[in-house]
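Take a look at the structure below.
Okay, structure coming up:
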């Protein structure tokens, strides 16, 4: 029961790159179109996931700009924004467009160019995804939000510093195997735990994801025509999106995000599968604790058990449920608008059996989990190999 | 053959308003939900049309924020941006979501809060909808773009200063009849032609649309359930979107916009009607010349005849094809993200026969035309009364 099918994927490296926003978008789109064997003229719609190009690169109306640059003449081009989940929301609009019967082949691009600005300015722009008046102006930016969640998780469940560190170490191990990853560097639990670069207690620099440039793209089509384009078709069988309380203090429980649980339950329901059938997942590890919470909200582990699971190695490649085989936001990088589509890129690569030395053996079903703000938005997609 | 149906509409006044972005959004959404008789719990998705809230009000991730504020707990909330066409693109995503069968009732809100900033800053933000490097940095902002188009139209077709003025005078006449309009003020052709407030030759202040705050909203549902909610159902029977050259200099002809012609042909095709069957239209009169070009691109008048038609009164209420009965961007106002949904609001009001002393008698089919940038984006929708 596929909602839509992925027939082409493409991605740039993630990192602090010389290339412009448009160059990155063109590169990712060109690779995806080539991978799919689809010409620009055959594309019925473009969706662009982008968070804040108007501030990062002083340019708005970017979907039209990218359409023009990629050579999609006349093609409807729409930018979609949902903070750090922008990319996944773009994928979801493509699914709607295809399931509506009004589009057959849709190009989805996620792109962000962030490293042109200084870190303080990037932090200011990112903080606009949370409530400026009630949160940011009182001093609460995202590291603070996830620091609060971490402290509560530790208090409530006994989660430890070492368990958090295990998430970072594992994602760096995975990222070392991904040629597209931003920070390909081995780190140890000792490195993380002994760091004096505190960001928002207890989270230090090793617990935080990266500021990156990058673009990823997918060609998505109606399930019934997918096999006309390639043999290794990957179907999107589940899609769930939810909003949650916009401000972190409105959450009943700081150790779980209602939007993630709701988006996951919707995705599982549309797919007709449960967490036990997922072979691997890309989750939104903007901070190490976010990954632990995600693996619990998605039903892979019981509430409070995500930290222990990470330290035991259950989330490594070869473990019970490999998480962030790409390296995640922590090592692969986090170009905001691109992240959700980069997650889908990794899922498709794994399901095609093309993930090289980070391949999850026998992977048949993969899941992506993409968060916006402090859970104001969450989107979950489930991908399945058809062949 | 309805794509989707409108069962509720709501709008704030447009103008320089005391209310905040969230207050405006809540007001418009609340009115639309009440008009439809739909509770927030029955909404399956929210689409928010917004251009640049991150700069206008220092707040991004606005769809989630609005969902939380309106009480749409857990509802998928997605912001859509396509410059000045953002509102219409949001409507289009709602159509896709409904036609996909994955959503039954969708709330669409368009909102922008612009008057908090000084005009020079607003102009800078608006200019980000065109190419910063190749256009804006060389001195070409939007008044300049439409000034170029105007000069060419005058050169090629003999369009006159008086004909341009007739557009402004007519839209102010219509706006006087609209209690929600921003600038309700009678002006004369003499006022316009004698103005010394030149903006971009030959366009003076009277040729330009307004900088406004405002929000409009619609409840859109699957056609088969619309009559469960109300008797006066208005169906969306046509929807067309197109991208065009991102930079104005890439247009083969400065007197016409390819995206508008393409979007219109797609909308006419899905609706199965032609321009001769349209009873009235709301078009994107960001500048007087933009309305003239729109009425030609939409097929209401032959190329070059739009100016004469306006001066002859053919586009007035009571004329051959009433254009911008709401007052248009020129008099009603132009809160960017809201504009496309405000156009739909007027179309539904007219088709329900609720437009009071600006009612187009016997109106059965109406059209909206919403432009982004200098034609980088255009969306056209066709509405039809069912009852």
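Chains as they are written, first to last, in this note's numbering: chain A, 85 to 471; chain B, 85 to 471.
Even glycine gets a Cβ: it sits at the ideal position worked out from N, Cα and C.
Since we're looking at a predicted model, the values are computed, not measured.
Environment of residue i [buried if 16+ CB atoms lie within 10 Å]
i: residue 327 (chain A); result: buried
i: residue 401 (chain A); result: buried
i: residue 204 (chain B); result: exposed
i: residue 379 (chain B); result: buried
i: residue 183 (chain A); result: buried
i: residue 240 (chain B); result: exposed
i: residue 160 (chain A); result: buried
i: residue 172 (chain A); result: buried
i: residue 441 (chain B); result: exposed
i: residue 353 (chain A); result: exposed
i: residue 469 (chain A); result: buried
i: residue 333 (chain B); result: exposed
i: residue 321 (chain A); result: buried
i: residue 85 (chain B); result: exposed
i: residue 263 (chain B); result: exposed
i: residue 420 (chain B); result: buried
i: residue 414 (chain A); result: buried
i: residue 270 (chain B); result: exposed
i: residue 343 (chain B); result: buried
i: residue 189 (chain A); result: buried
i: residue 309 (chain B); result: exposed
i: residue 289 (chain A); result: exposed
i: residue 404 (chain A); result: exposed
i: residue 381 (chain A); result: buried
i: residue 255 (chain B); result: buried
i: residue 144 (chain B); result: buried
i: residue 99 (chain B); result: buried
i: residue 125 (chain B); result: exposed
i: residue 438 (chain B); result: exposed
i: residue 134 (chain B); result: buried
i: residue 337 (chain B); result: exposed
Identity of the residues DSSP links to residue i by a beta bridge
i: residue 302 (chain A); result: A:93, A:192
i: residue 469 (chain B); result: B:318
i: residue 461 (chain B); result: B:327, B:456
i: residue 297 (chain B); result: B:99
i: residue 371 (chain A); result: A:292
i: residue 449 (chain A); result: A:468
i: residue 131 (chain A); result: A:162, A:192
i: residue 284 (chain A); result: A:287
i: residue 88 (chain A); result: A:320
Whole-Å CB distance - residue i paired with residue j, under 8 Å assumed
i: residue 251 (chain B); j: residue 376 (chain B); result: 6 Å
i: residue 451 (chain B); j: residue 365 (chain B); result: 4 Å
i: residue 324 (chain A); j: residue 351 (chain A); result: 3 Å
i: residue 318 (chain A); j: residue 435 (chain A); result: 5 Å
i: residue 460 (chain B); j: residue 371 (chain B); result: So it is not a contact: roughly 16 Å between Cβ atoms.
i: residue 409 (chain B); j: residue 444 (chain B); result: 6 Å
i: residue 407 (chain B); j: residue 174 (chain B); result: So it is not a contact: roughly 23 Å between Cβ atoms.
i: residue 411 (chain B); j: residue 249 (chain B); result: Incorrect: roughly 16 Å between the Cβ atoms, too far for contact.
i: residue 113 (chain B); j: residue 93 (chain B); result: About 11 Å; that fails the 8 Å criterion.
i: residue 397 (chain B); j: residue 247 (chain B); result: Actually they are not in contact, since the Cβ atoms of residue 397 (chain B) and residue 247 (chain B) sit about 12 Å apart, beyond 8 Å.
- Message: Threshold first: 3 residues or longer. Then list the beta strand (DSSP E) segments lying entirely within the region 193-253 of chain B, N to C.
- Response: none
- Touch check for the region 302-314 of chain B and the region 120-127 of chain B: three-plus C-beta pairs under 8 Å? At 8 Å Cβ cutoff, the stretches touch.
- Item | Ordered list of beta strand (DSSP E) runs contained in the region 318-369 of chain A, each at least 3 residues | 318-327, 364-366
- Taking a Cβ distance cut-off of 7 Å, strictly less, list which residues of the region 138-149 of chain B are near chain C, in chain order. Among the chains of the structure shown, chain C does not appear; the protein chains present are A and B.
- Validate contact between the region 94-112 of chain A and the region 139-151 of chain A using beta carbons, cut 8 Å, 3 pairs: yes
- Hey, which unbroken runs of the alpha helix (DSSP H) at 4 residues or more fall wholly within the region 374-442 of chain A? 390-396, 412-415, 423-436
- Task: Count the C-beta pairs between the region 282-294 of chain B and the region 224-233 of chain B that are closer than 8 Å, then say yes if the count reaches three, no if not.
- Result: Yes: at least three Cβ pairs fall under 8 Å.
- Residue ranges of each beta strand (DSSP E) within the region 161-189 of chain A, 3 or longer: For the beta strand (DSSP E) assignment, the uninterrupted runs of no fewer than 3 residues enclosed by the region 161-189 of chain A are, from N- to C-terminal side, 161-165.
- Is the region 290-309 of chain B touching the region 413-431 of chain B in the sense that three or more CB pairs, one from each, lie closer than 8 Å? yes
- Task: Please determine if the region 127-147 of chain A and the region 182-200 of chain B are in contact, where contact requires at least 3 C-beta pairs separated by less than 8 Å.
- Result: Counting C-beta pairs closer than 8 Å gives fewer than three between the region 127-147 of chain A and the region 182-200 of chain B, which falls short of the contact rule.
- Inter-stretch contact at 8 Å, needing at least 3 Cβ pairs: the region 447-466 of chain B / the region 162-176 of chain B: Output reads yes: the region 162-176 of chain B touches the region 447-466 of chain B.
- Spell out a yes or no on whether the region 133-149 of chain B and the region 207-218 of chain A are touching, meaning 3 or more CB-CB pairs, one atom from each, closer than 8 Å. yes
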